[in-house]
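In our numbering, the protein residues as written are 301 to 891.
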């Protein structure tokens, strides 16, 4: 006669071999003979969890720990079932109970790491995975969870290496493949990330986080219908703030800012203090033209502790638009050169509020500042700060003034080129006939997404074949390498070797009939100078260019040429070339 303990071993053998029906039948027969047989109840609960019957799993595992409250494994299994059922905070507490009974239970440390990460407790998640690995250095699940925790800390390369180590131990780990995909996506290695996400789904079609990362990656690759399908699967399997945030970002890439804003708002109901989510919501609202709702959210960028470089902190209060009454206010650049050039328009408006304005800008912009009205003192970033009473970053000034789309302060020029340099460049550019066109084709390669916003010279090459034009290359920095690979017409001249600084660029632009540029600093300079500007924009452009417009409330002399589909610079260049040919026909040279 087979004893109950022998029957349990037979059932466990079926269970481990994947013969689920046979194992369940024997577990049930054991419990029929002894309803208080804790091990059979626990294993029946584990089996239910493995087959997706989470309600039954939780019920049976609760009965198991009630029958044997000193079982660390029982509490850990119950925690895992609660975690899978979505009760993540309860799961963390239950893992803690298991570990108080058995501190050396590596599986519980590893699983607790995943639960802590779901709660946003990234430091604790990293520590829990580390504890598991101290106990079992080759614990595949602990390595996968450590990789995910590292990724939450922004350490994408370390996360990739950790995920790959996990996969060497267990190549069928769907979680490790999904984490590898997310780490590769964080490094903008989209093709590899897609392959890793699909490997994850090949191992487990029901892993919501794999569908989530696949949706995000497909959006970056421009495969929008497939991306939305992936997100729909993720929402079915694991809805929550991480999903809404990821889909919101994807919808931005699809140039659908209203829908993106709705997703960010939904995520914020669960994470109301998440500065990055607020910042993304601000981006989406501004892109949609909702400036009143966008600026307050955009200001949350200053609370993002993960920003690089870190946001500056001052003891002085931030100015919110009130009368200055003789006080000194520090206005300062915070992000890129283009951002500074765009928002310098507010400096005279601040000075008109009755205060003394100290303006701090990037050192490379200092030669341009003689043409700015309003500041009592201009300093370069990094110089010692004078005393001041109030502070405000330049990009928070639209909020202080309550700027909406219909009342953007867009009187141009609000920057003026140095007259002496203008005269020098007028003489330098006088030779030859035809429309004088300045060309910029690339931005800062360190800017995230520059590969999408910069057409490079090859992307705009079709323009150079339009007759009746003299093209002047204004490209500075790494983008100049494109010149070595390009066959350029006789009407093209590279002025960059003669450009000393932004003041030279401004003086050149003052002598041009048109500037054609990608979304980068010189475009803002041309707009601020009131020079005719044509902007080559990606399918989903930065918030300041909004969506579905070919003009800009910020720069009245600008025309916007957008990609009809992601990556299609050929169409942009073709439309620009046709418009340029028509402009040449109407062109009358300036005296």
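C-beta atoms are modelled at their ideal positions from N, C-alpha and C, and glycine is treated no differently.
Computed from a predicted structure; not experimentally measured.
Cα-Cα separation between residue 891 and residue 726, rounded to whole angstroms: Any reading at residue 891 needs caution, since the residue's pLDDT is 49, under 50, leaving its predicted position unreliable; the model's value is listed next. Cα to Cα, residue 891 sits roughly 11 Å from residue 726.
Indicate whether the contact test is met: 3 or more Cβ pairs, each with one atom in the segment 714-721 and one in the segment 669-678, closer than 8 Å. The segment 714-721, when compared against the segment 669-678, does touch it at the 8 Å Cβ threshold.
Rounded Cβ spacing between residue 655 and residue 629 (contact assumed at less than 8 Å): That pair is a contact at about 5 Å.
Quick check: residue 348 and residue 356, are their CB atoms within less than 9 Å of each other? Contact flag set, yes.
Rounding to the nearest angstrom, what Cα-Cα distance links residue 506 and residue 533 in this structure? When rounded, the distance between both Cα atoms is 8 Å.
Of all the options 306, 308 and 350, which has the alpha carbon lying nearest to the alpha carbon of residue 318? For the residues 306, 308 and 350, the minimum Cα distance to residue 318 belongs to 350.
Three-pair Cβ contact test at 8 Å for the segment 770-778 versus the segment 845-860: As far as the Cβ criterion goes, the segment 770-778 does not touch the segment 845-860, which means the pair count is below three.
What did DSSP end up calling residue 629 once you bin it into helix, strand or coil? Strand.
What is the DSSP secondary structure of residue 544, counted as helix, strand or coil? Three-state DSSP puts residue 544 in a helix.
Going along the chain, which residues of its own chain have a beta-carbon closer than 8 Å to the beta-carbon of residue 675, five neighbours each way excluded? 631, 647, 651, 657, 658, 659 and 669, listed in sequence order.
Looking at residue 880 and residue 833, is the spacing between their C-beta atoms short of 9 Å? Contact: no.
According to DSSP, is residue 704 part of a helix, a strand, or is it coil? Here DSSP, grouped into helix, strand and coil, assigns residue 704 to coil.
Which residue's Cα is closest to the Cα of residue 766: 520, 885, 422 and 315? The shortest C-alpha separation from residue 766 is found at 885.
Express the C-alpha separation of residue 389 and residue 379 in angstroms, rounding to a whole number. Between residue 379 and residue 389, the C-alpha separation is close to 10 Å.
Boundaries (first-last residue) of the alpha helix (DSSP H) holding residue 310: Run containing residue 310: 304-316, per the alpha helix (DSSP H) assignment.
Nearest to residue 432 (by Cα), restricted to the options 446, 493 and 374: Checked all of 446, 493 and 374; the closest Cα to residue 432 is 446.
Proximity winner among 806, 540 and 310, relative to residue 724 (alpha-carbon distances): Comparing alpha carbon positions, the residue from 806, 540 and 310 closest to residue 724 is 806.
Run through DSSP, which three-state label would residue 677 get? Strand, per DSSP.
Range covered by the beta strand (DSSP E) that runs through residue 693: Here the beta strand (DSSP E) through residue 693 covers 690-693.
Residues in its own chain within less than 6 Å of residue 754 by CB, not counting five upstream and five downstream? Its chain contains 742, 743 and 818 as the residues whose beta carbon lies nearer than 6 Å to that of residue 754, once the 5 sequence neighbours on both sides are disregarded; these appear in chain order.
Enumerate in chain order the residues of its own chain whose CB-to-CB distance from residue 618 is below 8 Å, with the five nearest sequence positions on each side excluded. Here residue 618 has 690, 691, 692 and 696 as same chain residues with Cβ atoms under 8 Å from its own Cβ, once five neighbours each way along the sequence are excluded.
Are the segment 759-773 and the segment 730-741 touching by the rule of at least three beta carbon pairs closer than 8 Å? At 8 Å Cβ cutoff, the stretches touch.
Rounded separation between residue 851 and residue 459 - CA only: Residue 851 and residue 459 have their C-alpha atoms spaced approximately 43 Å apart.
Give the range of the alpha helix (DSSP H) segment to which residue 526 is assigned. Where residue 526 is concerned, the enclosing alpha helix (DSSP H) stretches over 524-537.
How about residue 545 and residue 514: do their beta carbons lie closer than 9 Å? Result no, Cβ atoms of residue 545 and residue 514 do not sit closer than 9 Å.
On a Cα-Cα basis, can you pick out the residue from 841, 667 and 574 that is closest to residue 749? It is 841 whose Cα lies nearest to the Cα of residue 749.
Could you give the DSSP three-state label for residue 511: helix, strand or coil? Assigned with DSSP and collapsed to three states, residue 511 falls in helix.
Does the beta-carbon of residue 582 have 16 or more other beta-carbons within 10 angstroms, so that it is buried, or is it exposed? Buried.
How many Å lie between residue 439 and residue 527 at the Cα? Approximately 33 Å between the Cα atoms of the pair.
Exposed or buried, residue 434, counting other C-beta atoms within 10 Å across all chains shown (16 or more means buried)? With fewer than 16 Cβ atoms within 10 Å of its Cβ, residue 434 is classed as exposed.
Helix, strand or coil at residue 634 [DSSP, three-state]: Per DSSP, reduced to three states, the secondary structure at residue 634 is coil, with no helix or strand assignment.
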